[in-house]
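Participant: Heads up: the sequence shown is residues 2 to 256, going by the numbering used here.
Using N, Cα and C, we set each Cβ at its ideal position, and we do this for glycine too.
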Amino acid sequence: MPGGSIYVQPSEKYTGNSPQWWYEKFWREDAQSRRRSRYIKAAVGFVIGAALAVRFDITGAAPLIGLLLGGLVAGGDWFLDWRSFHATAVWRGAKRGEVVTGRLLRRSLRRLGYSVLDGRAIRDQASIDHLVIGPAGVWVIDNESWSPDTEIDRYNGRLFFGEKYGTKEAKARVETAEAFAELLTRETRIPVTITPMIAVHCGQLPKGGRLAAEGVLLLKPRLVVKEIKTAETGVYSDEQIELLTRTAARELQKA
């Protein structure tokens, strides 16, 4: 995140009357209603399971099949509820986005010859959460979270977060990528172009979880790794990757 990280939490951000506080309050208060709804769905699943058993002349197993289908329905409903709440963890402050994305990057990319540097910054300038250098190129990746109901989309080529323009956010990332690329090119004499990305931990991206707008690529965290892995390799050799990584580690201070 240019100029800092949203994950250094202000003391009052996740307390008092913040959107995060209200979200968790309503979620807890709605627990009983969700359980009632789950019981009803399970009961419907039981009836359907039993009816199917009778329909296919396995009446003796009707109660067992009904229980099995009812249990599957209840389990599926619980999982969907859990996933919905879990998806807001970074926005609520329960997890740190840079930790989640950093773990995904290291586990999936290092064995493929990529270097991952976390929390780097050009001295007295912008900082980023992750710098990835590998056979297919160089990326800077920031982590962001918006409220669960924020629609992230592009209209007439412009980036929007809900009803707000995203141009300022996009421009900051593009300028940061250009500054990092200029520094690495100057110090290594290797032509470097850096692709800026934002790992979106919470917020509604278009179907597919991927959006390109105003020079920035916004993706769900799990798709960041996929995007890098599917990029065409052969841009840099092993020696160039090592030189770029050593230069970045030397020239870029830890944020």
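Whole beta strand (DSSP E) runs in the region 128-172 with 3 or more residues, listed along the chain?
Facilitator: 128-135, 138-146, 153-156 and 159-162, all fully within the region 128-172.
Participant: Go ahead and pull the three-state DSSP assignment for S12.
Facilitator: Note on S12: pLDDT 43, under 50, position unreliable in the model; the coordinate value appears next. Three-state result, S12: coil.
Participant: Let me make sure I understand the geometry here. Which of F80, W79, R37 and R107 has the alpha-carbon closest to that of R223?
Facilitator: The shortest Cα separation from R223 among F80, W79, R37 and R107 belongs to R107.
Participant: Quick one: what's got a C-beta closer than 8 angstroms to T194's C-beta in the same chain, skipping five residues either side?
Facilitator: Once the five neighbours on either side are set aside, the close Cβ partners of T194 are G138, V139 and A182.
Participant: Please report the straight-line C-alpha distance between R159 and K169, rounded to a whole angstrom.
Facilitator: So the two alpha carbons sit approximately 11 angstroms from each other.
Participant: In the structure shown, what three-state DSSP assignment does L206 receive?
Facilitator: Here L206 sits in coil by DSSP.
Participant: A52 to G72, Cα distance in whole Å?
Facilitator: C-alpha separation (whole angstroms): 16 angstroms.
Participant: Determine whether the beta carbon atoms of L70 and G50 lie at a separation below 8 angstroms.
Facilitator: Yes, the Cβ-Cβ distance between L70 and G50 is below 8 angstroms.
Participant: Please list, in chain order, all residues of the same chain as V226 whose beta carbon is under 8 angstroms from its beta carbon, the five residues on each side excluded.
Facilitator: L105, L106, S109 and L110, listed in sequence order.
Participant: Consult DSSP for M2 and reduce its assignment to one of helix, strand or coil.
Facilitator: Confidence in M2 is poor, its pLDDT being 41 and thus under 50, which makes the residue's placement too unreliable to answer from.
Participant: Taking the straight line between their C-alpha atoms, what separation do you get for E164 and Q33?
Facilitator: The alpha-carbon atoms of E164 and Q33 are separated by roughly 33 angstroms.
Participant: For T246, I'd like the list of residues in its chain whose CB is within less than 6 angstroms of its CB, leaving aside the five on either flank, ordered along the chain.
Facilitator: Correct list, in chain order: S116 and I134.
Participant: Could you check which residue in E240, D154, H131 and F57 has the C-alpha nearest to that of R121?
Facilitator: Comparing Cα positions, the closest option is H131.
Participant: From the DSSP output, read off the bridge partner residues of K255.
Facilitator: In DSSP, K255 forms a bridge with R121.
Participant: By the three-class DSSP mapping on this structure, what secondary structure does P197 have?
Facilitator: Strand at P197.
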